[in-house]
Amino acid sequence: MLNLVLFGPPGSGKGTQSEKLITKYQLVHFSTGDILRGEINAGSQLGKEAKSFMEKGELVPDSVVIGMIAQKVDQNLNAKGFIFDGFPRTVAQAEALDKMLKERSIGISGMLSLEVAHDELVKRLLNRGLSSGRADDKDENVIENRIKVYNKETAPVADFYNKQNKFHGIKGVGEIDEIFNRLVSAIDTLA
Ligand code: AP5
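Put into structure tokens, the structure is as follows:
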């Protein structure tokens, strides 16, 4: 299996590039942000719990997202591979993912980290906020908080994968196809 963690700060292009990668490599895409927004739209109990964290740009508790991902993996064990987009977002989530995959005799092939500077992230998210309907894209203070939370709680996850020699930094600025080609070059070294 080809199991990728697509990593990077809010607005770095994880969702955009995931769409292209799932087509090329026929992978199953797990975006914890999309799953949580789906739960909110469905008005589920899980969605109600997640909503207040997401609107403030804070992380949803680890226990909620870890359980959610385990369930999705189990529903797709015959897949060619997975893209984890926006997960893991804390070291505790990364440890739980490793353990959960190991119990199923699978593992992460590599982590691809999209690198984009702060001001470009804010610009992209404010621009998307004009039409996305996402509460966390509308307010610049919430966007800044998402980036702050990323730097404090999520950035250490890169080191977790670096210690396993699975970290690949990818320049995330430029044309979407150009960035995609950089990702493909890195992925093609993993097999
Ligand atoms: P999530 O949905 O994961 O949002 P995010 O990480 O903030 O990422 P985004 O979807 O905003 O950005 P992206 O990197 O996917 O970029 P995109 O391709 O969309 O999480 C939302 C919230 O859910 C979190 O704050 C948290 O509360 C909760 N949550 C989710 N996962 C969690 C977890 N594991 N644990 C706990 N809580 C969790 O692109 C952004 C914009 O830029 C788009 O408009 C796009 O068109 C544009 N763009 C893309 N590429 C380029 C380019 N090359 N040049 C110019 N523009 C570009």
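Numbering (the working numbering), first residue to last: 13 to 203. Cβ atoms here follow ideal geometry from the backbone N, Cα and C, with glycine treated the same way. For clarity, every value in this text was computed on a predicted model and none was experimentally measured.
Proximity test, residue i beta-carbon vs the ligand AP5 heavy atom, cut-off 7 Å
i: Glu156; result: no
i: Phe65; result: yes
i: Asn88; result: no
i: Asn15; result: no
i: Val103; result: no
i: Asn163; result: no
Beta-carbon contacts of residue i that lie in its chain and below 6 Å, excluding the five residues immediately before and after
i: Arg136; result: Gly23
i: Pro100; result: Ala106, Leu109, Val169
Cα-Cα separation, residue i to residue j
i: Ser121; j: Asn157; result: 31 Å
i: Phe192; j: Ile155; result: 25 Å
i: His41; j: Gly50; result: 14 Å
i: Leu202; j: Arg140; result: 33 Å
i: Ala62; j: Glu187; result: 33 Å
i: Met112; j: Glu132; result: 35 Å
i: Ala104; j: Gly145; result: 30 Å
Cut-off 8 Å between Cβ atoms - residues of its own chain near residue i, not counting five sequence neighbours on either side
i: Val161; result: Gly69, Glu70, Leu71
Whole-angstrom C-beta distance between residue j and residue i, which should lie under 8 Å
i: Tyr37; j: Gly93; result: 7 Å
Beta-carbon proximity list for residue i, same chain, < 7 Å, skipping 5 on both sides
i: Pro21; result: Val128, Leu133, Ile159, Tyr162
i: Gln83; result: none
* **Runs of alpha helix (DSSP H) wholly within the segment 23 to 66 (minimum 4 residues, chain order)** => 26 to 37, 44 to 54
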